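Structure record follows, encoded as structure tokens.
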Amino acid sequence: MSERTQVSALVARAAELDAADELAALRKRFVLDDVVYLDGNSLGALPVEVPGRVEDVVRRQWGELRIRSWDESGWWTAPERIGDRIAPLVGAAPGQIVVGDSTSVNVFKALVGAVRLAGEGRDEILVDAITFPTDGYIAASAARMTGCELRPVDPDELSSALGPRTAAVLLNHVDYRTGRCYDLPSLTAAIHAAGALAVWDLCHTAGALPVGLDEHGVDLAVGCTYKYLNGGPGSPAYLYVRADLQDRFDSPLPGWNSHAEPFAMSSSYEPAPGALRGRVGTPDILSMLALEAALEVWDGVSIEAVRAKSLALTDFFLECVAAYVPEGRVESVTPAAHAERGSQVALRCADAGAVMKRLIDNGVVGDFRHPDILRFGFTPLYVGFADAERAARVLAEVLGDSSPSGV
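Sequential numbering of the sequence shown, starting at 254, is according to our numbering.
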């Protein structure tokens with residue numbers, strides 16, 4: 254098959270797949286242009302509902318109602334209300350997720366809280382050895398604060414690392430570099446069998462694939478909202494505390510917003526019931542309500558359908574890369590097995606930094622991770638199969654003269 258024929262065949266297949274895509278209509282609910290945007294795993298695209306909602310929050314709720322909006326506009330209840338909107342996307346029943354603070358702050362709350370829940374005689378924290386750096390930094394600080402020893406461990410070797418001293422384990426559901434998805438059910442079960450608590454970082458999971466927090470008995474979990482949940486730059490993160498642990502969850506950051514009677518202004522702290530005890534200070538209302546508007550795109554959307562499209566998109570992209578890119582020029586480090594794949598494809602490339610810059614200059618936006626990774630995130634709500642084909646074709650053009658010609 255000639256290169257032109259091969260390109261034509263894949264372009265035609267992309268068109269057929271897009272025509273059959275049950276999620277394709279959601280693309281119009283985002284502010285997009287003709288750029289192929291494959292960086293939603295770092296910052297999701299802007300939902301069209303958000304600007305109008307933010308304008309209302311600023312002009313009417315803040316500008317006209319002012320202090321009355323804490324009650325009349327629902328500002329006070331926003332953290333738990335928005336948490337309940339996120340809950341179905343991660344497999345949680347209502348009343349277990351509170352929105353607020355950054356991912357880093359919530360990792361700290363969750364990890365210290367987990368150690369305190371673990372009880373006497375457990376003085377060891379295990380952390381994913383290849384975790385996102387901040388998680389490692391926070392884990393080290395939490396260990397110092399609680400008098401625990403911190404041990405980095407490869408998730409594949411977790412079972413042998415667990416022991417009677419282990420209090421808590423902090424793991425990433427998806428590796429941010431490679432896109433590898435770890436087996437949350439079996440790893441959580443192993444942690445529980447050792448008598449420890451499982452804390453999961455879902456930053457590269459929520460909105461991309463099913464999680465099943467309740468189903469698999471996860472103890473605590475955290476995640477950001479600006480990636481696949483499209484909440485906007487710096488949008489607040491969230492904290493999940495399993496329902497049966499909430500009355501014993503002892504947050505290391507007991508702020509006035511998590512007090513049982515916040516307006517009593519008591520000098521002694523009494524935690525609020527339920528997930529509310531995960532709150533700290535005054536909620537960041539502007540970004541929080543922008544997130545609430547962004548989450549409306551999920552109304553009626555099945556996370557299972559999102560996962561099915563994610564796998565189909567990444568399969569098709571890898572097929573196009575194999576067809577277009579000269580052999581040996583790039584190497585996929587993302588697992589081929591669906592059960593081990595998140596919603597991104599990471600390609601090892603010797604000159605990845607320069608290649609990504611040229612890709613962006615040519616209308617394909619992914620990102621570069623040091624030292625040699627091209628990272629492409631596939632957000633099923635607005636990325637289509639034609640985008641995947643075009644990205645692979647432009648990659649081939651950028652990488653060398655042997656790339657297929659355009660159509």
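Even glycine gets a Cβ: it sits at the ideal position worked out from N, Cα and C. Since we're looking at a predicted model, the values are computed, not measured.
DSSP-derived helix/strand/coil call for residue 399
Here residue 399 carries a helix assignment [DSSP, helix/strand/coil].
Reference residue 335, options 547, 301, 559, 413, closest by Cα: That would be 547, whose Cα lies nearest to the Cα of residue 335.
Requested in this report: Can you have a look at residue 352 and say buried or exposed, based on whether 16 or more other CB atoms are within 10 angstroms of its CB?
Outcome: Residue 352 comes out buried.
- What's the gap between the Cα of residue 661 and the Cα of residue 544? What the structure shows of the chain is the stretch from 254 to 660, and residue 661 is not part of that stretch, so it cannot be assessed.
message: According to DSSP, is residue 285 part of a helix, a strand, or is it coil?
response: In this structure, residue 285 counts as coil in the three-state DSSP scheme.
**Request:** Assign residue 297 to one of three DSSP states: helix, strand, or coil.
**Result:** Correct three-state label for residue 297: coil.
To the nearest angstrom, how far is the alpha carbon of residue 559 from that of residue 389?
Distance between the alpha carbons of residue 559 and residue 389: 30 Å.
In chain order, what residues of the same chain have a beta carbon less than 7 Å from the beta carbon of residue 490, not counting five sequence neighbours either side?
Once the five neighbours on either side are set aside, the close Cβ partners of residue 490 are 354, 355, 356, 359, 475, 476, 477, 478.
Label residue 654 either buried or exposed according to how many other C-beta atoms from any shown protein chain fall within 10 Å of its C-beta, with 16 as the threshold for buried. Note on residue 654: pLDDT 49, under 50, position unreliable in the model; the coordinate value appears next. Exposed, because fewer than 16 other Cβ atoms sit within 10 Å of the Cβ of residue 654.
I'd like the ranges of any alpha helix (DSSP H) spanning at least 4 consecutive residues and lying wholly in the stretch 384–456. Counting only runs of 4 or more, we get 386–399, 411–414, 437–446.
Pairwise C-alpha distance: residue 441 and residue 412 | One C-alpha to the other measures close to 10 Å.
For residue 286, count neighbouring Cβ atoms within 10 angstroms of its own Cβ and tell me buried if that reaches 16, exposed if not. Flag for residue 286 reads exposed.
| query | Candidates 494, 484, 424: which alpha carbon is nearest residue 687's? | reply | Outside the modelled stretch of the chain, which goes from 254 to 660, sits residue 687, for which no answer is possible.
Checklist line | residue 332 versus residue 349: straight-line alpha-carbon distance, rounded | finding: Put simply, the backbone Cα of residue 332 is about 11 Å away from that of residue 349.
- Task: Look up residue 494 in the DSSP assignment and say whether it is helix, strand or coil.
- Result: Residue state, collapsed to three classes: strand.
Under 8 Å, with one C-beta from each stretch per pair, do the stretch 369–382 and the stretch 445–456 reach the 3-pair mark?
Yes, the stretch 369–382 touches the stretch 445–456.
Residue 290 by DSSP, collapsed to three states: which one?
Three-state DSSP puts residue 290 in a strand.
Own chain residues within Cβ distance below 7 Å of residue 591, not counting five before or after | Scanning its chain for C-beta atoms nearer than 7 Å, with the 5 sequence neighbours on each side dropped, one finds around residue 591 the residues 564, in chain order.
- Would you identify the three-state DSSP class for residue 599, choosing helix, strand or coil? Note: residue 599 maps to strand in three-state DSSP.
### Message
With a threshold of 7 Å on Cβ separation, who are the neighbours of residue 486 within its own chain once the five nearest residues in sequence on each side are excluded?
### Response
Cβ neighbours of residue 486 beyond the five flanking positions: 296, 479.
Quiz prompt | First through last residue of the alpha helix (DSSP H) which encompasses residue 686 | solution = In the structure displayed, the chain extends from 254 to 660; residue 686 sits before or after that span and is not available.
Whole angstroms are fine: how far does the CA of residue 645 sit from the CA of residue 656?
Caution applies to residue 656, whose pLDDT of 43 falls short of 50 and renders its modelled position unreliable; the value that the coordinates give is listed next. So the alpha carbons of these two residues sit roughly 10 Å apart.
Exercise. From the DSSP output, in three-state form, read off residue 321 for me.
Key: Shown here, residue 321 sits in a helix according to DSSP, grouped into three states.
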